[in-house]
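S.K.: Attaching a single structure in structure tokens format; questions to follow.
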Amino acid sequence: MYLIIGLGNPGARYARNRHNVGARCVSRLAAAHGLEFSRRQKNARVARGTIGDQPVLLAVPQTFMNESGRSVAPLARFYQVTPERLLIVYDDLDLPLGAIRLRPEGSSGGHRGMRSVIEHLGTQNFPRLRIGIDRPPGQMDPADYVLQDFTPDEEPVINDAIERAIAAIQTWLTEGLEKAMSLYNR
94 MYLIIGLGNP
104 GARYARNRHN
114 VGARCVSRLA
124 AAHGLEFSRR
134 QKNARVARGT
144 IGDQPVLLAV
154 PQTFMNESGR
164 SVAPLARFYQ
174 VTPERLLIVY
184 DDLDLPLGAI
194 RLRPEGSSGG
204 HRGMRSVIEH
214 LGTQNFPRLR
224 IGIDRPPGQM
234 DPADYVLQDF
244 TPDEEPVIND
254 AIERAIAAIQ
264 TWLTEGLEKA
274 MSLYNR
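Per my numbering, the very first residue in the sequence shown carries number 94; after that it's consecutive.
Quick look at the structure:
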């Protein structure tokens, strides 16, 4: 089984925030394949099914971003998902708005949600898909910036990025990480 997790903050208040682009992506992936988040498990909304003949569990943690590992690690352990079959989708301040990057492993890069995931899993050797949200303008505090909604001008850019991220995930599932990276990391 593959475990694909979209990071974000729970609740309608945060749904359109920059910090929730990972959760938005995984929710749209589920919808594209007719999968429903029909239950809660290990502090997450989960949907189970197949994508490209691969068994998948999609999850959106219901912990706050900085505590994401409290959901991710128990899910991975419960379903006995090996690190190479785990994919975390999340926002990245260091990528331009709308850019996506798939990587086989790496540090948290200062992202507190990823720091929590790495701490709770005890490894940073798992794939991740970062969606660029760009740096805050001027002297704005990054913590405030990530909790803002995308502007109307940014929404089409981020929607396109989510569609490309979904295509990258589907390629990862059916053709492997290297192929997905070669096609979608630009």
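Even for Gly, the Cβ is constructed at its ideal location relative to N, Cα and C.
Return the residue from the list Gly-191, Leu-122, Asp-187 and Val-165 that minimises the CA-CA distance to Ile-181.
M.R.: Of the candidates Gly-191, Leu-122, Asp-187 and Val-165, the one whose C-alpha sits nearest the C-alpha of Ile-181 is Val-165.
S.K.: Would you report the Cα separation of Asp-185 and Ala-125, rounded to the nearest angstrom?
M.R.: Each residue's Cα considered, the two are about 24 Å apart.
S.K.: Is the Cβ-Cβ distance between Ile-255 and Phe-243 less than 8 Å?
M.R.: Against a cut-off of 8 Å, the Cβ pair of Phe-243 and Ile-255 comes out as no contact.
S.K.: Hey, Pro-167 and Ser-161: beta-carbon distance below 8 Å or not?
M.R.: No, the pair does not count as a contact, with Cβ atoms beyond the cut-off.
S.K.: Apply the 10 Å Cβ neighbour rule to Ala-236 and answer buried if 16 or more other Cβ atoms are within range, or exposed otherwise.
M.R.: With fewer than 16 other Cβ atoms within 10 Å, it is exposed.
S.K.: For the structure I just gave you, are there three or more beta carbon pairs, one from the region 136-155 and one from the region 185-197, closer than 8 Å?
M.R.: Counting Cβ pairs under 8 Å, fewer than three are found: no touch.
S.K.: Have a look at Arg-228 and Pro-189 and give me their C-alpha separation to the nearest angstrom.
M.R.: The straight-line gap from Cα to Cα measures roughly 8 Å.
S.K.: Who are Thr-84's beta bridge partners in DSSP?
M.R.: Because the chain here runs from 94 to 279, residue 84 falls outside it and cannot be looked at.
S.K.: Between the Cα of Ala-140 and those of Trp-265, Ser-120, Leu-179 and Glu-248, spot the shortest distance and give me the residue it belongs to.
M.R.: Ranking Trp-265, Ser-120, Leu-179 and Glu-248 by Cα distance to Ala-140 puts Ser-120 first.
S.K.: Once you ignore the five residues that flank Ala-323 on each side, which residues in its own chain have a CB closer than 7 Å to its CB?
M.R.: Residue 323 cannot be examined here, being either before or after the span of the chain that is shown, 94 to 279.
S.K.: Buried or exposed: Gly-203, going by 16 or more other Cβ atoms within 10 Å of its Cβ?
M.R.: That one is exposed.
S.K.: Just how far apart, CA to CA, sit Gly-142 and Gln-232?
M.R.: Rounded to whole angstroms, Gly-142 to Gln-232 spans 44 Å at the Cα level.
S.K.: Taking Pro-249 as the reference, which of Gly-215, Phe-171, Ala-192 and Ile-98 has the closest Cα?
M.R.: Selected option, being the one with the closest Cα: Ala-192.
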